[in-house]
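Protein chains: 4
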Amino acid sequence: MTEHARPAVPALDEILGRPLPVLDQGFVRVVDYMGDDGAVVQAARVSYGAGTKSVSDDRGLIRYLLRHRHTTPFEMCELKLHVRVPMDAWRQWIRHRTASVNETSTRYSIAIDAAQRTPPDAWRRQATSNRQGSEGACDAELGARLSQAEAELQDHAREVYRQRLDLGVAREQARKDLPLSTYTEAYWKLDLHNLLHFLALRMDAHAQQEIRAYATVIGEQVVARWVPLVWEAFADFRLRARALSRLEWELLARLGRGDAAAARALAEAAGWLARSARTGGLARHRERAEFEAKARELGFTLPWD
Amino acid sequence: MTEHARPAVPALDEILGRPLPVLDQGFVRVVDYMGDDGAVVQAARVSYGAGTKSVSDDRGLIRYLLRHRHTTPFEMCELKLHVRVPMDAWRQWIRHRTASVNETSTRYSIAIDAAQRTPPDAWRRQATSNRQGSEGACDAELGARLSQAEAELQDHAREVYRQRLDLGVAREQARKDLPLSTYTEAYWKLDLHNLLHFLALRMDAHAQQEIRAYATVIGEQVVARWVPLVWEAFADFRLRARALSRLEWELLARLGRGDAAAARALAEAAGWLARSARTGGLARHRERAEFEAKARELGFTLPWD
Amino acid sequence: MTEHARPAVPALDEILGRPLPVLDQGFVRVVDYMGDDGAVVQAARVSYGAGTKSVSDDRGLIRYLLRHRHTTPFEMCELKLHVRVPMDAWRQWIRHRTASVNETSTRYSIAIDAAQRTPPDAWRRQATSNRQGSEGACDAELGARLSQAEAELQDHAREVYRQRLDLGVAREQARKDLPLSTYTEAYWKLDLHNLLHFLALRMDAHAQQEIRAYATVIGEQVVARWVPLVWEAFADFRLRARALSRLEWELLARLGRGDAAAARALAEAAGWLARSARTGGLARHRERAEFEAKARELGFTLPWD
Amino acid sequence: MTEHARPAVPALDEILGRPLPVLDQGFVRVVDYMGDDGAVVQAARVSYGAGTKSVSDDRGLIRYLLRHRHTTPFEMCELKLHVRVPMDAWRQWIRHRTASVNETSTRYSIAIDAAQRTPPDAWRRQATSNRQGSEGACDAELGARLSQAEAELQDHAREVYRQRLDLGVAREQARKDLPLSTYTEAYWKLDLHNLLHFLALRMDAHAQQEIRAYATVIGEQVVARWVPLVWEAFADFRLRARALSRLEWELLARLGRGDAAAARALAEAAGWLARSARTGGLARHRERAEFEAKARELGFTLPWD
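Read top to bottom, the protein sequences are chains Y, A, D and C. 1 is the number of the first residue of the first sequence in the working numbering; add one for each residue after it. 1001 is the number of the first residue of the second sequence in the working numbering; add one for each residue after it. 2001 is the number of the first residue of the third sequence in the working numbering; add one for each residue after it. 3001 is the number of the first residue of the fourth sequence in the working numbering; add one for each residue after it.
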């Protein structure tokens, strides 16, 4: 009956149940999984029939599926993790609605006695270019003060929590002023398609560093072991792929043919070349700026420079 | 590393990959699964913490969860089936949106050369009491005529399909007049919570006989082997449970105490005892009729009889 | 064009955009809605066809649909709310995965400068009968101490937050130790079927008081105005309905007929009447205890008392 | 109270309730909607806060959101359609699981007496380049024969259906051999984000012509009226956008700088330039072929030609 055994992935079995550390006290732990690279291929062959045999091999088929956004075969694999995460990061995590979740309830149990602490050299400065991001680190002396204040606040909050419990306050109410840095735990289960979507968003450079740390461990230490062909294709066609708008594509086609005048005319027509009344130079324009970065990366000279 | 092996269910492993026949040419086949009764308990204990240890055992906890509609622990188990189903039943099946599906595409492949055929003794008569149901069988001679006409139509339809393909018509268009009785195949994967919901609706006496046949095989031959404690609790608290409305409950409480007058007054106030202008008797009233059936089953005499 | 205008509900239009206060600084505000009682009926008539005309009127049809768990017609109505909620309650709220959500981001913006404060007389004691609940209030003097400590902690947390921002720490990191009592805001949009499911769970006596306060406002002040026939049916068949297990139903049928011995035998067979080794009386048994409460409410004498 | 009225879109109100014809007997009809372009902006501003005011205007913000795959603000708009579609196309349509659906039940009602008929000049030939597609039309004489055979089959099927009903067979069973070309009707309701996803897949050149006809009407006649700014951005950044894989991007960067040797080396390393043992030329390679088409469109000479 070998042919009817459940698919198993020895490389993933090796780390089954073992906590992979993230942040100061967090972890990710594989509890169970269903399927492997072959399960994606098997589902695709049911859908698309014998014809897919012309796709030479599993790797080619998986790459084809991912490139052309065929998503349902990737839903045929499932992963179950046990995670320990600060509530602050969990608030972002839980926004992905396509997973099954069982989180520790602090109505039933005492909250985990751990909050995420920031080392003096890990305080990040508000980005000026970007409202939601951070850039650079605070200097050492300032970092030390911030970490000291953080410790005092977390100790104070824990002290209040303990007192409330000691005085008989209901757990569901006692917890109300715990800091967002408090760790929580959950079982988190979802299919590979939705997991890849999570990873594409949360491994991205714009994701907050804390949740990015979790996503990176899940991607590089779990998914890469579990479904190596899918992981490779995902890196090529999602994580490190580029999207070009209709206009960007048309501009590149002009630049590729060396027709700077036509490119310039297209940009003009799109309103990209309006002048700033104040400076007389080109006015700020987000779409144009995004295109300029791409065009420069490809080695083109911009016809409006 | 025994403690970190994936949970396995020997009773289900026994039938893994084996087609369980349904209807004349259909089947259900277990391809893979994740979790077992213990996985439900494990997830519940993460959520509700050490406190659940006071629930004496796994069976008690599972029954408690199902009885009180705690659904998330049941999402921690996952099942993947391969099914062969007439498109007519599949149209009902696919309305359950919480599953992952890879269905054979008749754009890519030739349609399965099989349509569900009805034996002469299996033609059902339209129910008169109930607009959507059937009741009783057609007589033998009529059944034979119907089966004969069915065979002719299915043969005709297949002949037209084959001709179109032979004449070079695109598969995606050639299929357009296949009968709904044509079989299709699919991989179908979903979690245990959503599977139980599917079974509750499709094993019900009001479900159409064909899909009920599939649901019954999945329930009795698959789920019962896979998660026997969940299956037992599901039968007790869902499949064979009863719901009583606020008013029904209040009426029973009066009848239980022998206070027929109070019960009658409640029913009167709810407008249940209006008279038919035509007959002078009680007018038809669906909610009252449903209550009467329940009350009689419990052995009560109705105070308005 | 009257027949093709969008359905409107004047009773709901009256409060459109107006904040309905909840807790000390929270609110619920109707931003938009789609459909009304008639839209549920309209969808049901498409599904079930002309036959439903035999159901005398809209009220009867809506009651029938809700009683028999036909859910899709209720998905045809949609509600969009703007809410202000403590993060602690929001953590529970967001577990309902079937809604669309846009929450204020504290990566982009400064966190709302408001935390939920507990008046001295509103501190609840841990329930002893029930691990997750609360019962009774703390005494006045203790309440005053708890409120004082709460205010100090919240002020301390806000002070640390402000300092971090002043010192140039990134917003996404500065917020990490805000208390769970901090208010957040969100747009929350979902269909009526899923909203009723939310209300059934969160208006329940076992739901935490804070989120119950929101659910009650949404139910009684919004849904009751918006779709009064659905709301009435929901109260009768969901909020105040009772479920009986297979065994409970069989026991009641014995008791209803006065056959105490048969009822006792059934309970015995189910293992409900095991004796405690310690006390010699009936051992604790959750399912039996739940049944006893129901049977007493109906006026029956238990055959094992 | 003008500021708290529900948003309305006069251009869409104009066609509210009016059937927009599709195929021979199908239609799409707007029943209701919630939100407009402004509702997307409103939700985004709640999420991202005052900072988004720096995005100059609504159009810029909507384009930014769509370009950077911010999806939740688009979930804040909702559309409800009434559609009449052949069951064959409906089988594809219903695979989109994120919509609410109430479909006419042929258990309750007699099936719609209409099947989609193909005019003699509309029979498509099986594509040879592509297993799932069609290309070119059958010639006139063949088309006439095919249409004739189609009419006979559909008439035969309808005759059998009618006879079964006349003979008292249950509707749920009588329908079992109706052709897939039979029309069905449904209410279909979903949010704008999921609608755009549907349109991106079903307006695509690879979608089957029949469902593409529906998607095109929904896109061009409904969405374009309803949310014109979203529609414009969707066309630029989704419908007519291009994706480039990591390797494709790196190759273009070499070609853009005129470094053909480096581009060739990259392709070589990726295994794209393997030789066919049979012909001695480059072996077939799907990914390379897809890149070649893109590079030529941009005006580049391939370094391996």
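Note that the Cβ used here is the ideal one computed from N, Cα and C, for glycine as well.
Is the CB of residue i under 8 Å away from at least one CB in chain B?
i	result
G3281 (chain C)	Absent from the structure is chain B; the protein chains it does hold are Y, A, D and C.
Can you list, in chain order, the residues of its chain whose CB lies under 7 Å from that of residue i, leaving out five sequence neighbours each side?
i	result
A3039 (chain C)	P3007, M3076, C3077
A1224 (chain A)	W1231
E135 (chain Y)	R125, A127
A283 (chain Y)	A274, R275, S276
P1119 (chain A)	S1147
R264 (chain Y)	P303, W304
Within 10 Å of its beta-carbon, does residue i have 16 or more other beta-carbons around it, so buried, or fewer, so exposed?
i	result
R162 (chain Y)	exposed
N130 (chain Y)	exposed
W90 (chain Y)	buried
R3045 (chain C)	buried
S3054 (chain C)	Below a pLDDT of 50, predicted positions are generally treated as unreliable, and S3054 (chain C), at 46, falls in that range; the measurement from the model is reported next regardless. Under this definition S3054 (chain C) is an exposed residue.
S3276 (chain C)	exposed
D1155 (chain A)	exposed
W3226 (chain C)	buried
W304 (chain Y)	exposed
M2001 (chain D)	Low local confidence applies: a pLDDT of 36 at M2001 (chain D) is under 50, so the model's placement there is unreliable, with the coordinate-based value given in what follows. Exposed, by the Cβ-count rule.
E3159 (chain C)	exposed
Measuring straight from C-alpha to C-alpha, what distance separates residue i and residue j?
i	j	result
H2096 (chain D)	A3269 (chain C)	48 Å
A3005 (chain C)	E2014 (chain D)	10 Å
E3292 (chain C)	A3144 (chain C)	41 Å
D2058 (chain D)	T106 (chain Y)	44 Å
L1066 (chain A)	A2267 (chain D)	20 Å
L251 (chain Y)	R257 (chain Y)	10 Å
T1104 (chain A)	T3301 (chain C)	41 Å
A262 (chain Y)	A295 (chain Y)	15 Å
Q2025 (chain D)	R2084 (chain D)	8 Å
M203 (chain Y)	R212 (chain Y)	5 Å
L3201 (chain C)	D3037 (chain C)	22 Å
R2063 (chain D)	W188 (chain Y)	38 Å
D3191 (chain C)	P1019 (chain A)	40 Å
A2174 (chain D)	P86 (chain Y)	14 Å
A140 (chain Y)	A149 (chain Y)	14 Å
G168 (chain Y)	F2027 (chain D)	30 Å
R3246 (chain C)	A3253 (chain C)	11 Å
R1069 (chain A)	G1280 (chain A)	45 Å
E2290 (chain D)	Y108 (chain Y)	21 Å
E1297 (chain A)	L1255 (chain A)	13 Å
Using C-beta distances below 8 Å, list every residue in its chain close to residue i, excluding the 5 sequence neighbours before and after it, in chain order.
i	result
A3151 (chain C)	R3117
N3194 (chain C)	E3075, H3096, T3098, A3099
I1110 (chain A)	L1165, R1171
A3137 (chain C)	D3121, A3122, W3123, R3124, R3125, G3143
R242 (chain Y)	K294
L199 (chain Y)	A215, I218, G219, V223, F234, L239
Suppose the cutoff is 6 Å on Cβ atoms and the five residues either side in sequence are ignored; what does the same chain contact list for residue i look like?
i	result
H3206 (chain C)	none
V31 (chain Y)	K80, H82
E210 (chain Y)	A89
Task: Uninterrupted alpha helix (DSSP H) stretches inside the segment 225 to 255 of chain Y (no shorter than 4 residues) - done: 228 to 234
TODO: Mind listing, in chain order, the continuous alpha helix (DSSP H) runs of no fewer than 4 residues lying wholly within the segment 5 to 77 of chain Y?
DONE: 10 to 13, 37 to 48, 58 to 67
Task: Runs of beta strand (DSSP E) wholly within the segment 1108 to 1164 of chain A (minimum 3 residues, chain order) - done: 1124 to 1126, 1134 to 1137
TODO: Pick out the complete beta strand (DSSP E) segments inside the segment 3079 to 3109 of chain C, 3 residues or longer, and give them in chain order.
DONE: 3100 to 3103
Task: In chain order, each alpha helix (DSSP H) run of at least 4 residues that lies wholly inside the segment 3172 to 3212 of chain C - done: 3192 to 3202
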